[in-house]
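Presented below is the structure to which this report refers.
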Amino acid sequence: MKRTTIFLVVLVTLSLLLGACQPAATQAPAKSAPAATQAPTEAPAVEPVATEAPADNPVVFERSETLYTSGTQWGPPSSWNPFNGGGYAMGTIGLVYETLYTYDPLADKFAPWLAAADMTWADEKTMEVKLREGLTWSDGQPLTADDVKFTFELADPNGAYKASLNYVRLWNFLASVEKVDDVTVHFKFNETPYQEIGVFFYQTPIVPKHLWETKDVADITGGANEKGVGSGPYLFESNDQSRQVLVRNENWWGIEAFGKAPAPKRIVDIVNGSNNVALGLVLQGGLDLSNNFLPGVASLVKGGYGVQTYYPEAPYMVSANVATLIINEQVKPLDDVNFRRALAYSIDVSDIVENDYTGLVRAADPTGMMPTQDKYIDKEQLAELGWTYDPEKAKQILAAAGYKDVDSDGFVEAPDGSKIALKVTCPSGWTDWMAAIQIISKGAKAAGMNIEPDYPTQAAWRDAQLQGTFELSIQNEAQMSSTIFNYYNWIFQNPPTQEHVAAAQFGNYGLYDSPEGFALLNELGAVSLGDDEKLQEIASKLQKITLTDVPTIPLWYNGLWAQYSNAVWTNWPSAAEDANHYLPASWRGYWNLSGIQMLMELEPAVQE
Amino acid sequence: MRRYFGRKLLIYLLTFFIAVTVDWMIPRFMPGNPVALLISRAGLRGNAVTEMYTFYLDAFGLDLPIWKQYLSFWAALFQGDLGISIYLFPTPVKDVILRAVPYDLALLIPSTLLSWWAGNKFGAFAARSKKLDNTILPVGYILTATPYMWLGILLAWVFAIVLGIFPVAGGYGFDLQPDLSWRFIGSLIHHWFLPFASLFIVQFGGWAIGMRNLIIYELESDYSHYLEALGAPRKLVRRYAFRNAILPQLTGLALSLGAVVAGALTTEVVFGYPGIGYLILQAINNEDYFLIQGCFLFVVIGVLLANFIIDVAYLIVDPRTRAGMQGGAG
């Protein structure tokens with residue numbers, strides 16, 4: 009037996025050596041040494057045996073000065089490039105790089121951020137943005153009109169860089185960006201400004217010209233931008249596989265401008281793991297703001313666990329986007345409006361809301377307008393044309409349109425006698441959506457429509473939309489936005505003529521064709537910012553189309569999942585009258601939707 | 115000896131080539147398009163989409179004909195280049211793996227080896243001992259049969275949330291910056307213990323049961339009866355039985371150790387422990403060809419290496435292998 013023991017000892021030593029060979033900075037080199045010297049039953053508190061005594065001045069983040077967040081990052085932080093839209097580390101836009109404006113969806117208001125005041129119009133086609141005085145980058149350089157001009161010109165299709173950034177679309181309307189003086193920028197437009205331009209002024213991060221002008225295009229669009237220099241209230245400090253750490257920028261321009269800095273000295277964002285981990289962290293007080301979807305969080309809010317949500321009652325969460333059943337109008341019988349209408353009547357959304365989501369979401373309005381866009385709903389028309397859950401009505405519509413169960417298998421056949429077998433899909437592992445499509449399938453079957461749930465991988469699910477090979481699917485891409493154009497653009501986008509993947513990336517995957525709708529969408533885009541009357545008029549016409557034609561079926565409003573603890577930080581947003589009404593969100597794109605204002609309002613809890 | 119290893123080496127090389135080729139092929143046969151997914155996540159619109167699509171295809175070399183991709187894959191591999199992760203763009207796959215794997219090694223190697231050692235000792239000890247057979251072994255059965263996920267969640271819930279003695283998640287405290295300090299090392303161990311213990315418990319049961327059954331089998335064999343008939347002391351008989359029974363267990367150990375690089379997915383999920391397992395899951399979900407490839411490459415190497423080590427170990431622990439080889443050489 010001795011030999012086996014020797015062999016074991018060799019293996020253990022080998023494992024230690026392997027364990028010790030790690031890249032610097034992310035992990036401590038002495039990591040696995042204590043692991044092996046420890047017998048499995050020993051208490052973990054026992055001091056590890058190491059040959060060299062480590063120095064004893066660890067960097068420890070004081071709990072009372074640190075804000076712990078999670079819900080944004082689904083993998084180790086890998087990019088700090090504000091132009092890497094879906095992959096940048098938490099806070100890259102909003103906390104490190106800043107935008108000219110922010111937009112508060114609940115109040116439906118723009119607020120100047122880097123800009124000193126609201127946008128004004130120098131003439132009909134020239135928009136003027138004035139910057140605040142004394143803006144600086146974290147390396148001490150001033151932030152001026154040059155940086156703003158540089159940032160917007162990066163995407164100019166006729167400019168020096170021609171970078172494919174998402175505001176390249178702005179250049180469809182933009183002729184030039186001009187610097188008037190150090191704090192004044194003129195945006196000269198070719199056409200009457202569109203509804204959609206607003207979003208670019210609260211979504212586009214301003215980057216420092218002096219550091220970015222030497223980069224090549226590939227580096228601008230795809231570079232990791234480690235240790236990036238921004239202008240915001242926080243700086244990138246460190247990161248590893250499971251976290252991103254930001255530290256407060258003590259020289260931030262806003263300290264003077266707003267009279268205060270955000271209270272947390274550090275923000276540590278924890279990479280999402282499983283639900284039970286997020287839940288455990290919330291319960292143990294290790295997480296201050298969790299933007300994870302935690303099923304059943306309602307019982308924590310009610311149960312005295314010190315967990316707070318925006319509303320103390322159902323639906324608990326602010327609505328963030330519309331989960332919609334998207335329909336491929338190119339597939340029989342989904343090309344038949346009667347079938348689509350019958351489907352809309354067959355879905356028991358309240359079952360999804362109450363049982364799948366335990367009341368954490370709201371049922372969507374058939375128009376798909378978010379609660380914040382309520383004023384754009386034509387209520388009279390809705391009462392006349394809208395639908396509700398009504399299986400009998402679904403059966404009637406099917407029967408009237410000639411759908412009959414010919415072979416008595418319990419499911420109807422198409423009027424031409426062909427069998428119907430459809431699939432409704434969502435990505436595998438998205439458990440809330442998986443339960444939802446089971447409910448959809450159940451309702452459809454009860455009304456005689458043979459629709460089965462199916463759960464491909466996320467990539468396959470997405471690919472089916474881009475290739476137009478899906479039949480029915482759930483999507484929630486249309487997020488809350490400063491304009492309803494965003495939502496209608498998602499439905500009424502001109503079907504692409506050439507390559508499917510390129511043009512239909514955002515919406516209308518089913519190639520729904522409605523010349524009238526497309527024309528109305530263009531009209532909607534041309535409405536000047538703030539002309540609500542005109543918007544309502546066009547919205548009403550668009551709603552008439554979506555309600556009669558049923559190109560998509562809005563199901564429920566996905567929540568802005570947010571549960572927070574008052575143990576270390578207080579003054580969180582809430583629906584209560586005396587509280588602030590900003591969005592409690594750390595998601596990408598949400599710091600500029602008043603998330604940053606929420607952060608500025610946080611106060612340290614009084615420690616007893 | 116040389117012939118023995120020469121033959122083994124050839125088999126290993128062939129296996130490596132085939133396994134790596136399959137590893138390269140499989141993600142590419144999955145339905146879906148990783149670049150399209152990457153772009154949808156970036157929330158791009160309009161013509162930016164087309165441009166970025168071409169940019170990424172080019173960056174990942176996915177616009178080349180498939181046979182060229184395969185050749186350049188091997189060429190890059192020999193230069194130690196595993197490509198760039200799609201899902202963690204623009205981090206090189208090698209960095210992603212090197213950052214994650216140490217956690218797995220530190221967790222899985224000690225738990226596998228210690229549970230193997232303790233499990234075998236205990237199994238051998240318990241075999242044919244009525245009291246232990248009737249008391250502790252059933253516990254082993256229960257432990258091995260318990261769904262690991264459930265056991266893990268139970269441990270996390272009791273020790274982390276109810277009792278609060280261990281942390282809920284992470285490789286070390288979320289309030290620490292890695293450095294060589296007692297506090298940091300303490301935090302590493304503190305976070306390491308619960309995942310380790312859960313793995314140890316489950317594996318221990320498995321090894322113990324296996325060993326117990328093997329010992330009983332050996333004790334029933336002719337040589338044991340012969341020894342007993344000769345009047346050999348019970349202890350000696352059992353020792354011979356153990357030496358024979360350990361061989362299949364050794365092969366089992368090789369397989370477990372080889373897969374160590376693949377991490378322990380459920381452990382990492384339940385305890386929010388950093389490691390490669392969770393990354394592999396994410397890579398598959400995101401169809402990250404290069405990360406999947408890279409991870410499984412390490413698994414292939416790990417399994418082959420472990421098998422090789424066991425081949426050597428057999429020479430040491432099983433005199434018959436040595437004898438056979440000498441016979442072959444002579």
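Chains as they are written, first to last, in the numbering used here: chain A, 9 to 616; chain B, 115 to 444. Positions of the beta carbon are idealized from the N, C-alpha and C atoms, including for glycine.
**Request:** Using a Cβ cut-off of 9 Å (strictly closer), state whether residue 601 of chain A contacts chain B.
**Result:** no
**Message:** To test your reading of the DSSP string, which unbroken alpha helix (DSSP H) runs of 4 or more residues are found completely within the stretch 449 to 497 of chain A?
**Reply:** 466 to 475
**Request:** Taking only beta-carbon positions, decide if residue 233 of chain B is within less than 9 Å of chain A.
**Result:** no
**Request:** Work out the CA separation of residue 203 of chain A and residue 550 of chain A for me, nearest whole Å.
**Result:** 16 Å
**Message:** Just list the residues that DSSP pairs residue 277 of chain A with in beta bridges.
**Reply:** A:77 and A:252
**Prompt:** What three-state label does DSSP hand residue 135 of chain A in the structure shown?
**Reply:** strand
**Prompt:** Going along the stretch 453 to 473 of chain A in order, which residues come within less than 9 Å of chain B, judged by CB to CB distance?
**Reply:** 464, 465, 466, 467, 468, 469, 470, 471, 472 and 473
**Prompt:** What residues match up with residue 111 of chain A in a beta bridge as DSSP calls it?
**Reply:** A:118
**Request:** Whole angstroms is fine: what's the gap from residue 554 of chain A's alpha carbon to residue 322 of chain A's?
**Result:** 28 Å
**Asked** Closest Cβ-Cβ distance between residue 152 of chain B and chain A: below 9 Å?
**Response** yes
**Prompt:** Hey, residue 516 of chain A and residue 499 of chain A are a contact pair by Cβ (cut 8 Å); roughly how many whole angstroms apart?
**Reply:** 6 Å
**Prompt:** Is it true that the CB of residue 490 of chain A sits closer than 9 Å to the CB of residue 113 of chain A?
**Reply:** yes
**Prompt:** In chain order, what residues of the same chain lie with their CB nearer than 6 Å to the CB of residue 328 of chain B, ignoring the 5 residues before and after it?
**Reply:** 359
**Prompt:** What is the DSSP secondary structure of residue 145 of chain A, counted as helix, strand or coil?
**Reply:** coil
**Asked** Across which residues does DSSP place residue 332 of chain A in a beta bridge pair?
**Response** A:483 and A:562
**Item:** Residue(s) in a DSSP beta bridge with residue 185 of chain A
**Value:** A:195
**Asked** How long is the line joining the alpha carbons of residue 379 of chain A and residue 199 of chain A, rounded to whole angstroms?
**Response** 31 Å
**Request:** Please check the pair residue 191 of chain A and residue 219 of chain A, which I expect to be a contact at CB under 8 Å, by giving their CB distance rounded to whole angstroms.
**Result:** About 20 Å separates the two Cβ atoms, so there is no contact after all.
**Asked** Who are the Cβ neighbours of residue 22 of chain A in its own chain at under 6 Å, not counting the five residues just before and after it?
**Response** Because the pLDDT of residue 22 of chain A is 44, which lies under 50, any placement of that residue in the model is unreliable, and the number read from its coordinates should be weighed accordingly. For residue 22 of chain A, where only same-chain residues beyond five positions count, there are no Cβ hits under 6 Å.
**Item:** Short CB-CB distance (under 9 Å) between residue 248 of chain A and chain B
**Value:** yes
**Message:** Tell me whether the stretch 282 to 293 of chain A and the stretch 80 to 89 of chain A touch, counting them as touching only if at least three CB pairs, one residue from each stretch, are closer than 8 Å.
**Reply:** no
**Message:** I believe residue 262 of chain B touches residue 316 of chain B by the beta-carbon criterion, under 8 Å. Please report the beta-carbon distance rounded to the nearest angstrom.
**Reply:** 6 Å
**Asked** Does the beta-carbon of residue 238 of chain B have 16 or more other beta-carbons within 10 angstroms, so that it is buried, or is it exposed?
**Response** buried
**Any chain A beta carbon closer than 9 Å to residue 271 of chain B** = yes
**Message:** By the three-class DSSP mapping on this structure, what secondary structure does residue 392 of chain B have?
**Reply:** helix
**Request:** Quick one: list the residues of chain B neighbouring residue 278 of chain A, beta-carbon separation under 9 Å, in chain order.
**Result:** 283, 284, 288 and 386
**Request:** Spell out whether any CB of chain A is found under 9 Å from the CB atom of residue 257 of chain B.
**Result:** no
**Asked** Which residues, in chain order, does the stretch 189 to 203 of chain A contribute to contact with chain B at a C-beta distance below 7 Å?
**Response** none
**Message:** Strictly below 8 Å CB to CB, what residues from chain A border residue 275 of chain B?
**Reply:** 288, 291 and 292
**Prompt:** Does any C-beta atom of chain A lie closer than 9 Å to the C-beta of residue 418 of chain B?
**Reply:** no
**Asked** Excluding five sequence neighbours on each side, which residues of the same chain lie with their C-beta closer than 6 Å to the C-beta of residue 461 of chain A?
**Response** 432, 445, 446 and 449
**Request:** To the nearest angstrom, report how far apart residue 226 of chain B and residue 370 of chain B are at their CA atoms.
**Result:** 7 Å
**Asked** Is the CB of residue 332 of chain B under 9 Å away from at least one CB in chain A?
**Response** no
**Prompt:** Between the stretch 287 to 309 of chain B and chain A, which residues of the former have a C-beta closer than 7 Å to a C-beta of the latter?
**Reply:** 288, 289, 290, 291, 292, 293, 294, 295, 296, 297, 298, 299, 302, 303, 304, 306 and 307
**Prompt:** Using the C-alpha atoms, what's the distance from residue 562 of chain A back to residue 376 of chain A?
**Reply:** 5 Å
**Asked** Residues in the stretch 227 to 261 of chain A with C-beta within 9 Å of chain B's C-beta atoms, listed in sequence order?
**Response** 229, 230, 231, 232, 245, 246, 248, 249, 250, 251 and 253
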